[in-house]
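A short worksheet on the structure shown next.
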Amino acid sequence: MEFTEAYKQTGPCCFSPNARYIAVAVDYRLMIRDTLSFKVVQLFSCLDKISYIEWALDSEYILCGLYKRPMIQAWSLTQPEWTCKIDEGPAGIAYARWSPDSRHILTTSEFQLRLTVWSLVNTACVHVQWPKHGSKGVSFTKDGKFAAICTRRDCKDYINLLSCHSWEIMGVFAVDTLDMTDIQWSPDDSAIVIWDSPLEYKVLIYSPDGRCLFKYQAYESGLGVKSVSWSPCGQFLAVGSYDQMLRVLNHLTWKTFAEFMHLSTVRAPCCAAVFKEVDEPLQLDMSGLCLDDDFMGGSDAPGGHFKVRYEVMEVPITFPFQKPPADKPNPKQGIGLLSWSNDSQYICTRNDSMPTALWIWDIRHLELAAILVQKDPIRAAAWDPISTRLVLCTGSSHLYMWTPSGAYCVSNPLPQFSITDLKWNSDGSCLLLKDKESFCCAAVPLLAESSDYSSDE
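Read in order, the letters of the sequence shown are residues 3 to 459 in the numbering used here.
So this is what it looks like as structure tokens:
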């Protein structure tokens, strides 16, 4: 892998959907860099510090959320002189997002008073009263024709279906939830999944015309659903719960066909490979060096040089387990990270009670494929959008990768660069790696189907 030099950032950074550009927030400025040359191709100055950025799907426009104002500014890459500013006045702006046609911006006001659809074509706007959430509760169909928006009035949750062409309300129906958390269209646009707050375990599948197709409730007492995700193929629905279990439903009968437990101790029989990150001191030959006494007296470098590698462990093995305090809200337990591979064959999970372990499940064979045990808690994990390859980071200077043929560690050559977040380019050729105040990119070689990786690559 090849790494670029580090560049300054003070906020969000993201690739454009067409994989050609990187948008970087640096205080008040929005920098657009070319993905190949890393030269600045556009520079826009905003009216305040940038809190949030999002590309339009056509990669021609980009919006910046200035939530301290609060205000939204949008820019065009093809027409740099074109500008757009959205200000809701006293209502404020809690969140903003693009519509699938890249010509409308949806903003949610503070206190969820209303959701407004702003047109960049004719400056018209449409209002939807009482949206349920600020950043959540809105989902678009894959073909971009319809939007489902969660609303709440008279202590009841509703789904509003809107046409993304005319932005007229096509239908409204109530849903059987106490306090709806979020909503997702299925990848084939045939169903809508919604789930209740953690206080009530309830996952509901609705048809677009408002019929409840299935109600799933794994248990009644205790905290409920923590994460939900459709598989890219649309055939499976994964539900992660606070009881530290992953359940997978099928799209034909909506019945559970797999339940995966995240135990603190893994015992035989277990066919999964367990990879544990270990330190490996560098063997330096210093016999040919001659240093004077003054230099030796002034150098007191602690720790020495280290690199890391994966060591394959035998079962039984016990993972570090953190029991959350019973008297504090939002306990760190349950399936907090849940992500499907691009081919829907694998799913990776992190049980927040064991934050240093990443579990990889094989959906085809309904078994545990691998466990990656890190030294530090896992910050982020993302699948290659093209190949079956998983990349994760822990806040250290290393990247960790897994493929069905093995796992390996990659050291970042940049000094004092701790990888706290990562994002894939849409074509799988490049990774964006973030530190606290800088970012870099790494060119990732294409993954050959028959290639074998070792831990020291």
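Glycine included, every Cβ here is placed at the ideal spot set by N, Cα and C.
Computed from a predicted model, the values in this text were never measured in an experiment.
Go through its chain and collect everything with a Cβ distance to residue i's Cβ below 7 angstroms, but skip five positions before and after it.
i: K158; result: A176
i: Q44; result: I34, L79, P82
i: C16; result: A25, I55, W57, K425
i: L59; result: P19, W100, P102, S104
i: D458; result: Since pLDDT at D458 reaches only 43, below the 50 mark, its modelled position is unreliable, and the value read off the structure follows with that caveat. R311, listed in sequence order.
i: Q219; result: Y203, K204
i: D302; result: With a pLDDT of only 37 at D302, under 50, the local geometry of the prediction cannot be trusted, and no value is derived from it.
i: W169; result: V119, V128
i: W84; result: S78
i: A275; result: V314, A372
i: G242; result: K228, S229, L248, G336, I337, L340, T351
i: L434; result: C15, F17, I24, L424, K425, F441, C443
i: V28; result: K10, Q11, T12
i: G236; result: S188, P189, D190, H253
i: A382; result: L394, C395, D423, L424
Mind checking which residues open and close the beta strand (DSSP E) that includes residue i?
i: L360; result: 359-364
i: R99; result: 97-100
i: I421; result: Careful: I421 lies outside any beta strand (DSSP E) and carries neither H nor E.
i: D281; result: 275-283
i: C86; result: 85-88
i: K158; result: 158-165
i: D184; result: 184-187
i: C15; result: 15-17
i: F113; result: Unbroken run through F113: none, as it is neither H nor E.
i: I52; result: Note, I52: premise wrong, no beta strand (DSSP E); not H, not E.
i: H135; result: Where H135 is concerned, there is no enclosing beta strand (DSSP E), given that its DSSP letter is neither H nor E.
i: G91; result: Unbroken run through G91: none, as it is neither H nor E.
i: F238; result: 238-243
i: T405; result: 400-405
i: F323; result: No beta strand (DSSP E) holds F323; DSSP gives it neither H nor E.
i: C395; result: 392-395
i: C442; result: 440-445
i: L374; result: 369-375
i: W197; result: 194-197
Relative to the C-alpha of residue i, which candidate in the options has its C-alpha closest?
i: H135; options: L201, K10, A220, T110; result: T110
i: C350; options: G338, Q186, W363; result: W363
i: M3; options: F419, P415, K436, D156; result: P415
i: Y30; options: D60, C66, A21; result: C66
i: C86; options: I107, I95, P92, S101; result: I107
i: I319; options: V28, A270, P331; result: A270
i: R22; options: S61, W361, P417, Q186; result: S61
i: N344; options: W232, A409, L370; result: W232
i: S165; options: Q186, F142, R155; result: F142
i: D354; options: H367, D378, L368; result: D378
i: L463; options: C152, L239, S121; result: This structure gives no information on residue 463, because the portion of the chain shown stretches from 3 to 459.
i: S53; options: I64, S39, Y69; result: Y69
i: E316; options: C272, A27, V241; result: C272
i: P387; options: G408, Y410, Y348; result: Y348
i: R352; options: P322, R366, P331, L368; result: P322
i: D181; options: S168, R154, T267, W187; result: R154
i: K217; options: H253, V446, Q237; result: H253
i: F46; options: P417, L434, Q75; result: Q75
i: A149; options: V123, C411, Q186, F113; result: Q186
i: F113; options: A126, F262, Q131; result: Q131
Leaving aside the five residues before and after residue i along the sequence, list all residues of the same chain whose C-beta is less than 6 angstroms from its C-beta, in chain order.
i: L449; result: S389, R391
i: G173; result: L163
i: Q376; result: E279, T358, T396
i: Y97; result: T110, G136, S137
i: M298; result: With a pLDDT of 44 at M298, under the threshold of 50, the modelled position of that residue is not reliable, and the figure given next carries that caveat. Once the five neighbours on either side are set aside, M298 has no close Cβ partner at all.
i: D437; result: F419, S420
i: W197; result: T183, V205, V227, V230
i: P72; result: G94, I95
i: E7; result: none
i: D211; result: none
i: V123; result: R105
For my contact list, residue i and residue j are in at a C-beta cut-off of 8 angstroms; report their separation, rounded to the angstrom.
i: A384; j: F277; result: Between F277 and A384 the Cβ distance is about 18 angstroms, and since that is not below 8 angstroms, they are no contact.
i: I421; j: L401; result: 6 angstroms
i: Y9; j: C432; result: Contact doesn't hold; Cβ gap of about 14 angstroms is too wide.
i: L265; j: T258; result: No, L265 and T258 are not in contact; Cβ-Cβ is about 19 angstroms, not under 8 angstroms.
i: S341; j: P234; result: With a Cβ gap of about 11 angstroms, S341 and P234 do not count as contacting.
i: V227; j: P200; result: 7 angstroms
i: L117; j: P92; result: Actually they are not in contact, since the Cβ atoms of L117 and P92 sit about 16 angstroms apart, beyond 8 angstroms.
i: Q11; j: S428; result: Wrong, their Cβ atoms sit about 20 angstroms apart, outside the cutoff.
i: L394; j: L360; result: 6 angstroms
Please check if any C-beta of chain C sits within less than 7 angstroms of the C-beta of residue i.
i: K334; result: Chain labels in this structure do not include chain C; a single protein chain is all it has.
Once you ignore the five residues that flank residue i on each side, which residues in its own chain have a CB closer than 8 angstroms to its CB?
i: S209; result: S192, A193, I194, L215
i: D178; result: K204, L206, C214, K217
When you compare the stretch 335-353 with the stretch 228-247, are there three or more beta-carbon pairs, one atom per stretch, that lie closer than 8 angstroms? yes
Contact between the stretch 319-330 and the stretch 221-235 (3+ Cβ pairs under 8 angstroms): In the pairwise beta carbon analysis, the stretch 319-330 is classified as not touching the stretch 221-235: fewer than three pairs are separated by under 8 angstroms.
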